[in-house]
Amino acid sequence: MKKFFIGISIGIGLLACQSNKTNEKEGDYQTTQKVYKGDIDEIQVSTSIDAEIIKGQQERVVLEGNEDDLKWVKVKLQNGKLHLYVDSEDKINFNFNREIKAKIYLKDYTTLVANSSGSIVIKDEFTQDKATLEISSSGEIKGDLKVTNCKIMASSSGGFDGHVSATNLTVKVSSSADVEISGKVKKADVSVSSSGDFDGKELSAKFADLEASSSGDLSISVSEKAKAEANSSGDIVIYKKSEHLVTLIEENSAGEVKIK
Numbered sequence: 030m031k032k033f034f035i036g037i038s039i040g041i042g043l044l045a046c047q048s049n050k051t052n053e054k055e056g057d058y059q060t061t062q063k064v065y066k067g068d069i070d071e072i073q074v075s076t077s078i079d080a081e082i083i084k085g086q087q088e089r090v091v092l093e094g095n096e097d098d099l100k101w102v103k104v105k106l107q108n109g110k111l112h113l114y115v116d117s118e119d120k121i122n123f124n125f126n127r128e129i130k131a132k133i134y135l136k137d138y139t140t141l142v143a144n145s146s147g148s149i150v151i152k153d154e155f156t157q158d159k160a161t162l163e164i165s166s167s168g169e170i171k172g173d174l175k176v177t178n179c180k181i182m183a184s185s186s187g188g189f190d191g192h193v194s195a196t197n198l199t200v201k202v203s204s205s206a207d208v209e210i211s212g213k214v215k216k217a218d219v220s221v222s223s224s225g226d227f228d229g230k231e232l233s234a235k236f237a238d239l240e241a242s243s244s245g246d247l248s249i250s251v252s253e254k255a256k257a258e259a260n261s262s263g264d265i266v267i268y269k270k271s272e273h274l275v276t277l278i279e280e281n282s283a284g285e286v287k288i289k
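Per the working numbering, residue 30 is the first one in the sequence shown, and the count goes up by one each step.
Put into structure tokens, the structure is as follows:
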């Protein structure tokens with residue numbers, strides 16, 4: 030049998046790990062819990078792992094799943110950057126039976142990344158100066174954001190669904206990714222391309238700078254001023270939140286902008 034090592038490093042010190050078996054069983058599988066402690070600022074979740082972001086004063090990762098599955102999981106934490114993923118490379122008779130669940134307790138965070146079917150759910154409200162979310166390769170992030178400067182980048186069938194309260198919101202959606210946002214922001218800068226979709230009908234912005242191209246679809250509610258450029262079959266729908274809305278519109282190559 031090949032031995033499997035969980036690679037762990039954190040700055041100068043070590044990432045503490047505690048393993049506990051529970052009495053819960055599902056069929057022939059026994060649930061196991063592992064705990065890793067360390068300072069965390071950035072989080073990346075990959076390969077079908079489901080993670081929950083929870084507010085807590087002691088920053089740590091709690092992994093839970095079938096004991097046979099957990100041995101395939103790598104937990105890497107270095108300089109505040111956490112990466113959780115399943116490592117099946119060069120493994121013989123790889124058999125991943127269940128989804129791995131991770132609860133990540135944080136004081137705050139700067140960056141969340143979900144890719145390769147990884148999933149992140151933000152369970153608690155974090156009030157922050159800035160936050161960056163990156164979603165790709167069928168990854169998914171859900172939750173509410175209360176942040177001064179917020180940046181969301183979604184590509185390759187990645188998805189975000191949540192409520193955003195921000196001063197400045199920047200969103201880039203491409204390659205069949207889907208972003209659905211409700212909430213309120215002062216300024217929204219949104220770019221959609223390559224069949225990406227941004228649904229912001231329930232998002233209210235005072236000012237918006239909008240661009241859609243290559244069959245991208247974009248909708249948003251704006252109250253004061255909107256600049257919209259649609260190219261190459263891109264579609265933009267602006268919902269008026271005020272009769273005093275000022276719009277600057279440019280349409281090229283079958284692109285279309287609608288005001289409703």
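We treat Cβ as the ideally placed atom computed from N, Cα and C, and that holds for glycine. Predicted, not measured: the structure shown is a model, and the values here were computed from it.
Helix, strand or coil at residue i according to DSSP, with G and I counted as helix
| i | result |
| --- | --- |
| Leu274 | coil |
| Glu96 | helix |
| Lys138 | In the sequence under discussion, the amino acid at residue 138 is Tyr, which differs from the Lys named in the question. Here Tyr138 sits in coil by DSSP. |
| Asn281 | coil |
| Ala257 | strand |
| Ile69 | coil |
| Glu55 | Reliability of the predicted coordinates at Glu55 is poor, the pLDDT of 49 falling under 50, and the value obtained from them is presented with this limitation in mind. Of the three classes helix, strand and coil, the one that applies to Glu55 here is strand, per DSSP. |
| Glu240 | strand |
| Ser203 | coil |
| Lys289 | coil |
| Gly263 | coil |
| Gln87 | coil |
| Ser233 | strand |
| Lys269 | strand |
| Asp116 | coil |
| Ile133 | strand |
| Thr61 | strand |
Identity of the residue in the options nearest residue i by Cα
| i | options | result |
| --- | --- | --- |
| Gly187 | Val91, Tyr138, Asp226 | Asp226 |
| Ser75 | Val286, Gln59, Ala131 | Ala131 |
| Glu280 | Glu88, Glu163, Asp264 | Asp264 |
| Glu272 | Ile151, Glu258, Lys289 | Lys289 |
| Ser248 | Tyr268, Ala255, Ile78 | Tyr268 |
| Ala143 | Ile82, Val176, Ala195, Val219 | Ile82 |
| Ala80 | Gln59, Ile149, Thr61, Val221 | Ile149 |
| Glu71 | Val102, Lys100, Gly109, Asp97 | Gly109 |
| Ala183 | Thr276, Lys175, Ile164, Ser211 | Ile164 |
| Leu239 | Lys171, Ser262, Ser252, Val266 | Val266 |
| Ala234 | Val208, Lys201, Leu274, Ser261 | Leu274 |
| Ser117 | Tyr134, Ile133, Leu99 | Leu99 |
| Glu96 | Lys63, Gly85, Ser261 | Lys63 |
| Ile69 | Gly85, Leu232, Tyr114 | Gly85 |
| Tyr134 | Ile210, Val104, Glu88 | Glu88 |
| Asp153 | Leu174, Val200, Thr140, Ile170 | Leu174 |
| Lys270 | Gly229, Gly172, Gln73 | Gly229 |
| Leu232 | Ile78, Val251, Ala241, Ser205 | Val251 |
| Leu111 | Gln73, Trp101, Asp207 | Gln73 |
Neighbourhood of residue i by C-beta, 6 Å cutoff - its chain only, sequence neighbours within 5 removed
| i | result |
| --- | --- |
| Leu198 | Cys179, Val214, Ala217 |
| Ser167 | Ser146, Ser186 |
| Ile278 | Ala257, Val286 |
| Thr177 | Asp158, Thr196 |
| Ser203 | Ser184, Ser222, Ser223, Gly225 |
| Lys254 | Phe236, Val275 |
| Tyr114 | Ser75, Thr76, Lys103 |
| Ser243 | Ser222, Ser223, Ser261 |
| His192 | Asp173, Ser211, Gly212 |
| Glu209 | Asp190, Asp228 |
Minimum Cβ-Cβ distance from residue i to chain C less than 9 Å
| i | result |
| --- | --- |
| Ser244 | In the displayed structure, chain C is absent; only one protein chain is listed. |
beta-carbon residue i near the ligand SAM non-hydrogen atom, thresh 8 Å
| i | result |
| --- | --- |
| Lys201 | This structure simply doesn't include the ligand SAM, nor any ligand for that matter. |
Residues near residue i in its chain [Cβ-Cβ closer than 8 Å; skip 5 each side]
| i | result |
| --- | --- |
| Ala283 | Ser261, Ser262 |
Spatial neighbours of residue i in its chain, beta-carbon cut-off 7 Å, leaving aside the 5 residues before and after
| i | result |
| --- | --- |
| Ile170 | Leu141, Ala143, Ile149, Leu162, Ile164, Phe189 |
| Ala241 | Val221, Leu247, Ala259, Gly263, Asp264, Ile265, Gly284 |
| Lys201 | Met182, Ser220 |
| Asp137 | Phe155, Gln157 |
Query raised in the report: Do three or more CB pairs link the region 151 to 167 to the region 87 to 99 at distances below 8 Å?
Result: As far as the Cβ criterion goes, the region 151 to 167 does not touch the region 87 to 99, which means the pair count is below three.
Unbroken beta strand (DSSP E) runs of length 3 or more, entirely within the region 144 to 192: which are they? With a minimum length of 3 residues, the continuous beta strand (DSSP E) runs that stay inside the region 144 to 192 are 148 to 151, 156 to 164, 169 to 183.
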